[in-house]
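Keeping their order, the protein sequence lines are chains L, B, R, C, S and P. Quick note on the working numbering: the first sequence kicks off at 8 and runs consecutively. Quick note on the working numbering: the second sequence kicks off at 8 and runs consecutively. Quick note on the working numbering: the third sequence kicks off at 8 and runs consecutively. Quick note on the working numbering: the fourth sequence kicks off at 8 and runs consecutively. Quick note on the working numbering: the fifth sequence kicks off at 8 and runs consecutively. Quick note on the working numbering: the sixth sequence kicks off at 8 and runs consecutively. Glycine included, each C-beta is placed from N, C-alpha and C at the ideal position. Every value quoted in this text rests on a predicted model; they were computed, and no experiment measured them. Take a look at the structure set out below.
There are 6 protein chains.
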Amino acid sequence: MPPRYRPADSLASPRFTGIRTFARLPHVQATADVDVAVVGLPFDTGATYRVGARFGPEAIRSASALLRPFNHELGVAVFDVLSVIDYGDAAVVPGFIEPSYAAITALLQPLAAAGVITLGLGGDHSIALAELRALAAVHGPLALVQFDSHGDVWDCYYGTQRYTHGTPFRRAVEEGLLRPERSIQLGMRGPLFAASDLQDARDLGFTVMTTTEVLRHTPEAIGALVRATVGDAQAFLSFDVDFIDPAFAPGTGTPEIGGPTSHQGLQLLRACTGIDWVGADVVEVLPALDHAQLTAQLAAQVAYEFLSLVAHRRSAGDART
Amino acid sequence: MPPRYRPADSLASPRFTGIRTFARLPHVQATADVDVAVVGLPFDTGATYRVGARFGPEAIRSASALLRPFNHELGVAVFDVLSVIDYGDAAVVPGFIEPSYAAITALLQPLAAAGVITLGLGGDHSIALAELRALAAVHGPLALVQFDSHGDVWDCYYGTQRYTHGTPFRRAVEEGLLRPERSIQLGMRGPLFAASDLQDARDLGFTVMTTTEVLRHTPEAIGALVRATVGDAQAFLSFDVDFIDPAFAPGTGTPEIGGPTSHQGLQLLRACTGIDWVGADVVEVLPALDHAQLTAQLAAQVAYEFLSLVAHRRSAGDART
Amino acid sequence: MPPRYRPADSLASPRFTGIRTFARLPHVQATADVDVAVVGLPFDTGATYRVGARFGPEAIRSASALLRPFNHELGVAVFDVLSVIDYGDAAVVPGFIEPSYAAITALLQPLAAAGVITLGLGGDHSIALAELRALAAVHGPLALVQFDSHGDVWDCYYGTQRYTHGTPFRRAVEEGLLRPERSIQLGMRGPLFAASDLQDARDLGFTVMTTTEVLRHTPEAIGALVRATVGDAQAFLSFDVDFIDPAFAPGTGTPEIGGPTSHQGLQLLRACTGIDWVGADVVEVLPALDHAQLTAQLAAQVAYEFLSLVAHRRSAGDART
Amino acid sequence: MPPRYRPADSLASPRFTGIRTFARLPHVQATADVDVAVVGLPFDTGATYRVGARFGPEAIRSASALLRPFNHELGVAVFDVLSVIDYGDAAVVPGFIEPSYAAITALLQPLAAAGVITLGLGGDHSIALAELRALAAVHGPLALVQFDSHGDVWDCYYGTQRYTHGTPFRRAVEEGLLRPERSIQLGMRGPLFAASDLQDARDLGFTVMTTTEVLRHTPEAIGALVRATVGDAQAFLSFDVDFIDPAFAPGTGTPEIGGPTSHQGLQLLRACTGIDWVGADVVEVLPALDHAQLTAQLAAQVAYEFLSLVAHRRSAGDART
Amino acid sequence: MPPRYRPADSLASPRFTGIRTFARLPHVQATADVDVAVVGLPFDTGATYRVGARFGPEAIRSASALLRPFNHELGVAVFDVLSVIDYGDAAVVPGFIEPSYAAITALLQPLAAAGVITLGLGGDHSIALAELRALAAVHGPLALVQFDSHGDVWDCYYGTQRYTHGTPFRRAVEEGLLRPERSIQLGMRGPLFAASDLQDARDLGFTVMTTTEVLRHTPEAIGALVRATVGDAQAFLSFDVDFIDPAFAPGTGTPEIGGPTSHQGLQLLRACTGIDWVGADVVEVLPALDHAQLTAQLAAQVAYEFLSLVAHRRSAGDART
Amino acid sequence: MPPRYRPADSLASPRFTGIRTFARLPHVQATADVDVAVVGLPFDTGATYRVGARFGPEAIRSASALLRPFNHELGVAVFDVLSVIDYGDAAVVPGFIEPSYAAITALLQPLAAAGVITLGLGGDHSIALAELRALAAVHGPLALVQFDSHGDVWDCYYGTQRYTHGTPFRRAVEEGLLRPERSIQLGMRGPLFAASDLQDARDLGFTVMTTTEVLRHTPEAIGALVRATVGDAQAFLSFDVDFIDPAFAPGTGTPEIGGPTSHQGLQLLRACTGIDWVGADVVEVLPALDHAQLTAQLAAQVAYEFLSLVAHRRSAGDART
């Protein structure tokens with residue numbers, strides 16, 4: 008029996024027609040017969056530099072019209088395997104982080120409880136804490152696989168501010184939402200505040216690899232390292248588009264030059280097969296600074312690759328792992 | 008009893024949340040309890056110069072998130088009077104004008120037959136012919152009120168091409184869809200192909216006023232002239248955004264400098280009270296050349312003013328007329 | 008004796024050289040021999056739609072390099088009359104409105120106490136409340152002259168949020184910072200949430216004129232009305248760039264089409280002579296959506312016209328009033 | 008007998024086809040049977056602020072593809088009256104003003120000597136001196152009709168630099184190329200260096216009107232003033248696009264907000280009938296800062312209106328004058 | 008004897024002067040003494056998503072002003088070996104694919120018959136069918152070397168539409184214009200409609216390599232594979248700019264992230280020495296979405312590399328092969 | 008004792024606050040206790056194609072707000088080792104290269120004489136000659152390490168122009184400012200004027216490597232080659248942003264596609280440890296064509312890497328060399 012919810016067929020109706028949902032999927036607020044729910048999390052008050060990722064979900068949905076159903080690299084017909092919906096957005100409160108966190112968690116927790124994998128479209132990276140609160144409440148502490156140029160494990164900004172897009176993963180560890188020894192951060196680069204920045208993440212228990220270290224290995228080797236780190240833990244994928252070089256992702260809040268190409272980034276992501284994903288997000292898409300939808304299309308493809316990884320594991324032959 | 012279909016309240020959920028529909032209205036494909044249906048008509052193969060208006064409906068929907076429900080200038084609470092939906096888009100066929108016309112007409116005619124006023128979001132101006140075919144099939148020949156810098160009554164392009172965005176209103180007259188003596192074109196300007204260009208429209212029976220002539224009168228006087236021309240005929244409003252100066256509407260296909268300001272344009276439109284509208288469109292929004300959503304927001308507001316004119320006539324005191 | 012602090016001379020060193028300060032003025036943090044201090048207030052967490060005005064002060068300073076010292080329209084050599092400095096920015100806390108208000112007020116109040124007129128560069132309009140707290144603490148309640156397309160006197164957003172860029176002037180009245188009967192709002196337009204929106208401001212005691220009403224009068228008549236309203240009260244000028252049509256000011260957070268041209272706007276502002284200004288701001292410049300510095304240059308000129316109004320009143324012949 | 012050189016017909020071949028020449032005219036380097044030669048003058052080393060007008064001629068040619076042959080406002084079929092060519096560009100020397108002046112003058116003087124009216128596409132305004140040297144060498148001192156927000160009659164920049172885009176008309180008077188008492192400058196605005204700036208131009212003999220003064224009169228009254236000033240002198244039209252407000256002409260080097268709209272600008276220009284033009288230029292188009300070709304299209308239309316004024320005078324019924 | 012037609016020398020006249028032709032070559036419509044004719048094919052009605060490649064030839068010509076005559080990588084002084092002209096554009100009919108095909112074929116076939124190699128500047132990829140019709144009519148079926156992220160061998164769009172930019176190479180095989188066993192497609196990537204998409208091209212007889220496969224080999228190895236595939240057949244090079252990652256070529260209609268860099272792309276192209284080229288095109292340049300001419304400059308360089316490959320083969324020492 | 012001059016702390020005050028100086032360093036015009044002075048050199052009259060690098064220093068300063076103090080790749084806390092200031096700009100004379108050279112040299116020579124390393128922010132590459140005049144006057148002839156896609160050793164442009172951005176290093180050799188046998192040029196690519204172009208630089212004594220050659224080696228090997236070439240000579244680093252592919256640096260004057268990625272570029276630069284730098288520049292940043300500050304951020308990072316190289320050598324353990 009084919010999945011209940013599937014995208015519109017762009018060989019029948021042009022992909023530029025219709026209300027914009029992710030990948031031309033149905034906009035439904037349901038959990039029955041749903042494998043994955045795409046949810047917009049348009050919150051950006053956590054940003055410390057450029058701001059505007061509240062328009063990220065709209066932009067990613069628009070760019071996702073170009074997606075097609077068969078992932079040749081992973082050999083999987085994504086929407087033949089998974090029933091996927093666009094659930095809409097959380098009713099965040101711009102300017103106020105705590106009620107926004109509450110709104111995000113309140114929306115996601117019932118989805119997780121119903122066995123639905125959540126795929127958040129950000130929004131700045133501060134939203135990850137709210138997502139992890141929702142998922143850990145259902146699944147217990149999770150493994151984290153984070154692609155990002157920044158570790159986002161600082162303690163405070165401006166003296167006393169504990170909730171920003173630079174702090175969510177330290178908070179998540181403190182709140183017991185993550186299993187640090189099962190977690191890995193990939194891609195750190197750019198000038199740091201201090202020599203201790205990367206060590207701090209390692210002290211929390213995370214495995215940490217800089218961009219330079221990542222690019223010294225093949226994607227396959229990195230995929231194996233990720234699998235070895237995560238093991239059989241339930242895992243959350245957090246993909247900050249600033250992991251990729253800003254030439255490929257200009258529309259973002261805190262760009263760091265010197266990053267991987269989008270080809271390298273996709274190959275790395277596709278290598279992360281064999282993992283028991285329960286949720287994911289793609290964050291820090293800032294459309295006002297994007298050009299020709301480069302960043303939005305990258306984010307849409309990252310979301311699609313996550314769906315593909317889930318479909319790949321569920322389908323009979325998970326050949327790579 | 009309040010209208011069945013109403014917009015989301017932007018004082019409750021932020022206007023940048025949710026799937027983008029026109030004015031945050033429900034996306035419904037129904038006719039019961041519907042006064043006006045907004046329909047995307049993303050077709051641009053009729054364009055003879057810059058092209059890309061197929062993305063116009065998406066852009067207008069995005070910009071329309073800024074609309075609020077009370078029109079102070081006309082004194083009407085639009086969505087307290089009218090039940091309005093976003094019906095979605097016609098499944099046009101890019102590159103092929105005749106099947107696209109068929110698709111548009113097939114979508115609109117049942118709406119018109121059900122007594123629903125249609126409000127098309129273009130798309131290039133060639134779509135007007137398909138809209139008029141649908142509406143005239145139900146209502147008989149219509150009066151036309153056209154705001155535009157070009158008359159769009161040329162006969163052929165490139166020798167023999169009869170269907171382009173420069174020809175729809177000549178075709179509509181030929182097909183008996185319009186009542187030319189009840190029709191008026193406002194805003195012609197820019198260099199012409201020949202001295203006969205304006206006379207041709209007059210020979211078809213239209214009243215024609217250039218931008219220079221329009222701007223020599225008050226909006227109230229123009230409104231009175233429009234009412235006098237249309238009389239009690241059922242009427243179609245066709246608003247090409249190039250009626251307004253391109254500084255206010257840069258994202259369009261065939262810009263003509265030297266036009267009215269957006270303030271002047273809105274005042275002219277608001278003066279067209281007291282008319283029995285059965286349909287409208289706003290066309291030639293080309294997002295790839297827009298900036299900061301100027302053009303899309305203008306088009307969204309034009310659509311909103313049309314809704315306001317309809318609501319104004321339906322509400323008890325149509326004070327101006 | 009000429010003023011102590013003056014701009015660099017752009018006939019001697021090119022205007023594109025040097026660290027960017029407002030109008031190429033000295034960057035000094037002093038009060039002695041200072042008539043007016045320009046202060047950046049780069050806070051935008053109060054924005055409810057587009058966000059990014061935290062980069063407004065940088066953009067206004069950059070565009071202000073084009074300013075020259077003689078205002079021909081008012082007949083005043085601004086920097087021969089006034090000693091003006093660029094004081095730098097308040098250390099706001101992005102994402103957190105209350106400590107940001109505290110930082111702004113803490114910076115401005117000593118300036119006001121030292122007799123320095125403050126000229127704030129925003130930032131979103133929420134900053135006006137912090138400015139008014141600082142100035143009213145020194146001067147007592149002030150008259151307000153507000154150019155804006157929105158009244159910004161709503162009560163709450165999203166249920167319970169009292170501090171946003173849509174609420175500062177209601178809060179200011181509640182806190183006793185304004186003399187509403189001496190205050191005037193000019194330029195309201197665009198769709199409203201409800202028929203009561205304008206009446207609410209009038210109920211607070213403000214005089215309110217819509218854009219349509221303003222444009223029906225000459226600038227001189229509006230200037231006379233402003234003077235009659237303010238009388239001899241000490242006054243604060245708050246200029247939201249969305250007062251002007253977005254074709255002239257695309258880089259702003261909540262644009263409303265159908266506004267005055269920049270020529271009309273400047274003429275209106277220049278007509279507000281004869282008023283005892285103690286402070287001003289120009290707000291809602293959002294550079295990521297600006298083009299060719301249109302908005303930033305407009306804001307820089309508005310700030311310059313404010314300086315000119317102050318200089319005009321201080322110079323011997325205040326001819327217009 | 009129809010003119011020898013005429014544009015391609017855009018109803019036969021699409022206007023976006025072919026090598027870009029001005030108005031789709033033939034690219035010919037000839038003088039026989041030529042009434043007007045359009046010449047690109049891509050020099051911008053005279054610019055004191057933003058630079059890049061060397062790409063102005065390319066941009067104006069591109070935008071001019073939208074022009075059509077009949078000017079309805081002046082009632083003249085331009086290319087039925089005039090034989091016009093695109094002569095190509097002067098081989099200026101970027102970075103070096105004196106050899107560039109020599110190259111421009113060497114190209115234009117033989118055209119003028121052959122009785123050809125020259126229409127220069129700039130380039131920054133410094134080129135006007137080279138044009139006037141060429142034309143005055145043939146025709147003697149000329150009347151100047153200058154639309155501009157700046158008078159460009161300063162003496163020196165940076166101490167001793169006499170040749171910049173801020174000085175050409177003072178130099179032209181000093182070199183005896185102009186008849187100041189027959190010359191008029193229209194549109195000055197923006198902050199000035201000193202109170203004497205406008206008086207300096209008047210002291211040179213020019214009639215000077217600010218933007219504010221111009222906009223207090225009808226276009227017809229300004230046209231009459233221009234005719235009265237110029238009388239029967241041979242005249243040069245110099246149109247700096249910064250005469251128009253930068254919302255309509257963002258791509259320019261020294262924008263001044265608060266200017267006329269493009270509608271006002273065109274009406275003023277069209278009112279300048281009845282003058283014996285021997286040359287013209289349109290300058291300060293800076294494409295890197297343009298948007299959607301707004302500025303380039305404005306400049307193309309200004310050039311077209313100049314052709315129309317020449318054609319209008321040459322055709323039998325010069326009805327307005 | 009040096010070639011008859013050569014570019015202007017940019018050390019003599021600045022490269023930003025003159026009417027824009029490809030590489031500053033003469034605009035001539037001739038075949039005598041011509042080795043290669045560059046022809047604009049500004050047709051984009053075949054595009055199924057973003058549209059606007061009709062302005063591609065203009066943009067490529069503009070960017071090509073930066074080209075210089077010596078290709079160091081291939082060691083060839085291109086314009087010492089080849090006589091090259093810019094022939095102008097085909098008079099396509101926007102909106103109508105069949106008469107446009109006829110116009111393209113009618114223009115190219117006589118050039119091919121005269122022994123001139125044609126180098127088409129697109130335009131969307133649908134034009135390739137018309138080019139192949141012209142060349143195959145003269146030369147017989149050709150080998151195809153296609154750099155592209157999409158195979159463009161789908162059968163129909165929207166049910167029954169057989170002529171779009173997604174179908175030309177299937178049509179070309181059906182019409183007997185290609186030798187599939189001598190043809191190779193390089194660079195396929197991105198989500199597919201179905202698992203069969205790549206197999207369909209292989210079933211037609213083409214050799215197909217995905218981007219991932221191409222990037223696993225050295226450029227030299229790919230060059231050898233191309234040579235082995237083509238053999239001594241007469242060959243057509245079709246280069247869709249979406250072969251390259253959209254960070255390097257944002258201005259295109261159907262971007263696919265994860266592609267080669269421009270360095271990789273050029274090295275691959277330069278490796279294709281030793282082939283008997285009879286024609287080429289570079290397609291899908293969509294200037295409205297380009298930035299800083301990135302895409303146009305890439306396309307210009309691709310065209311230049313094709314000229315270099317032809318010159319390399321014709322010059323005495325074709326060292327690589 | 009910590010360095011006297013240090014950047015503001017972005018964990019205390021947001022990085023978007025304050026007057027823009029390089030890396031939030033103090034704007035001081037001093038030499039005491041200063042190790043490195045950053046100096047803006049906003050001159051662009053030497054540019055032969057696109058122009059506008061006069062705004063480069065402003066853009067680099069703006070983007071440099073993102074820099075943080077610890078360079079993880081080189082393992083150095085830059086501002087714990089070095090006292091760095093932003094000295095402001097040279098008062099260049101736009102349009103006139105010789106007085107501009109004089110102004111630059113006059114500013115830099117006293118800094119060099121005081122033992123301060125100078126770090127120039129361009130401006131076009133012509134400024135390098137003025138910098139080298141200042142530094143060689145103090146230090147004697149220098150080694151040059153030049154990252155650039157062009158050698159900039161042409162002799163003349165346009166017949167006789169000896170001072171442009173294409174000629175500075177030939178002039179520097181002629182003037183005895185460089186030690187060619189200790190100098191290396193890295194990254195040449197793009198079409199050349201003639202086969203002799205690269206040989207000319209080698210004939211001057213420079214080591215020259217093309218982009219293709221550079222990318223065939225590891226960064227470490229290139230670093231070793233640079234060290235071997237320079238030896239113990241005092242050296243000047245000149246980094247033209249067009250060394251990097253224009254996808255990563257679109258805002259530049261003479262882009263050449265096919266360049267290194269920013270990751271490759273940074274790795275190459277970081278490998279150049281162990282050299283006795285006395286000065287550096289980063290040039291050809293043209294903000295009007297930049298996007299999302301890509302180019303400006305790259306240039307800021309290059310400047311930061313230079314500071315890091317200096318700090319690395321000065322700190323105890325220069326581990327790599």
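- If you ignore the 5 residues before and after Ala-306 (chain R), its C-beta comes within less than 6 Å of the C-beta of Ile-67, Val-248, Val-289 and Val-292, all in its own chain and listed in chain order.
- Per DSSP, the unbroken alpha helix (DSSP H) holding Gln-271 (chain L) starts and ends at 269 to 277.
- Taking every protein chain shown into account, the CB of Gln-206 (chain S) has fewer than 16 other CB atoms within 10 angstroms, so this residue is exposed.
- When 8 Å is used as the limit between beta carbons, Arg-61 (chain L) is near these residues of chain B: Pro-21 and Phe-23, in chain order.
- In this chain, the alpha helix (DSSP H) harbouring Gly-230 (chain R) covers 226 to 237.
- For Glu-65 (chain B), the residues of chain L that pass the 8 Å Cβ criterion are Phe-23, Arg-27 and Ser-69, in the order they occur in the chain.
- DSSP, reduced to helix, strand and coil, places Asp-40 (chain R) outside both helices and strands of the structure shown, so it counts as coil.
- DSSP places Val-88 (chain S) within a helical segment (H, G or I) once states are collapsed to three.
- Using a 10 angstroms sphere on the CB of Gly-166 (chain C), the tally of other CB atoms stays under 16, which defines it as exposed.
- With contacts defined by Cβ atoms closer than 8 Å, Gly-129 (chain R) and Val-46 (chain R) do not form a contacting pair.
- For Leu-136 (chain P), the enclosing alpha helix (DSSP H) has its first and last residue at 134 to 146.
- Among the CB atoms of chain R, none fall inside 8 Å of the CB of Thr-259 (chain B).
- The beta carbons of Leu-118 (chain B) and Ala-39 (chain B) sit no closer together than 8 Å.
- Within chain L, the residues Pro-198, Leu-199, Phe-200 and Ala-201 have their CB atoms less than 9 Å from the CB of Pro-76 (chain P), given in chain order.
- The three-state secondary structure of Ile-124 (chain C), taken from DSSP, is strand.
- Interface flag for Leu-305 (chain L) against chain S is set, since a Cβ pair is found closer than 8 Å.
- Within the model, the alpha-carbon separation for Arg-177 (chain S) versus Leu-316 (chain S) is close to 27 Å.
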